[in-house]
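One structure below.
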Amino acid sequence: MSKTVLVTGASSGIGYQVCKKRLKQGDRVIGVSRTIDKRHPLNAFERFIPWRCDLADITNTHTLFQSIHESAGPIDALIYAAGVCYHEQFGQTQLNSITEQLNVNLVSALLLCEQAIQYMPQNSAILLLSSTLAEKPIATSAVYSASKAGLEQIMKASAIAGAAKKISVNALALGCVDTPMLHLHRDDDLQQQTRLDALADLHPFGLGTVNDIAFIINNLLSQPWTTGSVIKVDGGLTLT
Numbered sequence: 104m105s106k107t108v109l110v111t112g113a114s115s116g117i118g119y120q121v122c123k124k125r126l127k128q129g130d131r132v133i134g135v136s137r138t139i140d141k142r143h144p145l146n147a148f149e150r151f152i153p154w155r156c157d158l159a160d161i162t163n164t165h166t167l168f169q170s171i172h173e174s175a176g177p178i179d180a181l182i183y184a185a186g187v188c189y190h191e192q193f194g195q196t197q198l199n200s201i202t203e204q205l206n207v208n209l210v211s212a213l214l215l216c217e218q219a220i221q222y223m224p225q226n227s228a229i230l231l232l233s234s235t236l237a238e239k240p241i242a243t244s245a246v247y248s249a250s251k252a253g254l255e256q257i258m259k260a261s262a263i264a265g266a267a268k269k270i271s272v273n274a275l276a277l278g279c280v281d282t283p284m285l286h287l288h289r290d291d292d293l294q295q296q297t298r299l300d301a302l303a304d305l306h307p308f309g310l311g312t313v314n315d316i317a318f319i320i321n322n323l324l325s326q327p328w329t330t331g332s333v334i335k336v337d338g339g340l341t342l343t
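Okay, so the sequence shown: first residue is 104 according to the working numbering, each after it adds one.
Spelled out as structure tokens, the structure:
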């Protein structure tokens, strides 16, 4: 039976791959992104609905889920794959990067979860993408780590709030996944490859791929008895 799935961060990376996987299964997918438009490749799928929204502007997300619900009907699954990460030396954190990371990674996620619990039907599912940096930060990840640690608490509160409607709410704590966000550093090609190789060496199974994560997300959405859990998917990173 096909479902209606809402995916944030749909234009690239994990969100894009999740959209493709669900569309190929016959689901109807609403893809939210600040850059998505009618020219995006996902529009080749008849059952894809692009929804442009900048999650860094929380005035946009205060009624986002409600607006989508009123336009597209009941949503069976919410996958919050949007995320922003700026690595900055401790003591040199910029206020604009603090605001953007907290708004995208934390505040907009909270606002969407609150609306989702209100509007989703019985036996729906919410999945939030967190990071191993929530539990084990590094010196340059203070804001990102704080936002993801907060996201995991939002997940638990949402799981409690959604229990009466049997809405499962979980989070994946991801290691390093090879997505466009991992390539944002302004290195030359050699420096970037050296950095990526060093990151891969920290993971016994190497860097994750978007296919790895989309596969796990797909499976977890079909596990109705799992709720309130942070599930590590990190290629063995936290073993080292």
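Note that the Cβ used here is the ideal one computed from N, Cα and C, for glycine as well.
Boundaries of the alpha helix (DSSP H) around V121: G116 to K127. Under the 8 Å Cβ criterion, the stretch 147-162 counts as touching the stretch 202-221, having at least three qualifying pairs. Counting along the chain, V336 sits inside the beta strand (DSSP E) bounded by residues V333 to V336. Nearest to G186 by alpha-carbon distance, out of I229, Q169, S211 and I263, is S211.
The three-state secondary structure of P144, taken from DSSP, is helix. The beta carbon of F168 sits closer than 7 Å to the beta carbons of L215, Q218, A219 and Y222 from its chain, once the five residues preceding and following it are set aside; these are given in chain order. When the beta-carbon positions are compared, V336 and L277 come within less than 8 Å of each other.
Note on geometry: alpha-carbon atoms of A252 and A237 lie some 4 Å from one another. Around T329, the same chain offers S271, N273 and L323 as residues with beta carbons nearer than 8 Å, after the five sequence neighbours per side are excluded.
Minimum Cα-Cα distance from L342 among the listed residues K239, V108, S325 and L181 corresponds to K239.
N208 counts as buried, since no fewer than 16 other beta carbons sit within 10 angstroms of its beta carbon.
Looking only at N163, P307, L126 and H165, the smallest Cα-Cα distance to A147 is reached by L126. Around the Cβ of Q120, a 10 Å sphere holds 16 or more other Cβ atoms; the residue is buried.
For F168, the three-state secondary structure derived from DSSP is helix. Ranked by Cα distance from L198, the first of V135, A317 and A245 is A245. In chain order, K251, L254, E255, A274 and A276 place their CB closer than 6 Å to the CB of S233, counting only its own chain and leaving out the 5 sequence neighbours on each side. The beta carbon of C122 sits closer than 6 Å to those of V110, A113, V132, G134 and L145, all from its chain and outside the five residues before and after it, given in chain order. C-alpha of A184 to C-alpha of I117: approximately 7 Å in a straight line. If the five residues before and after W154 are omitted, its C-beta is found closer than 7 Å to the C-beta atoms of I133, G134, V135 and I171, all from its own chain and listed in chain order.
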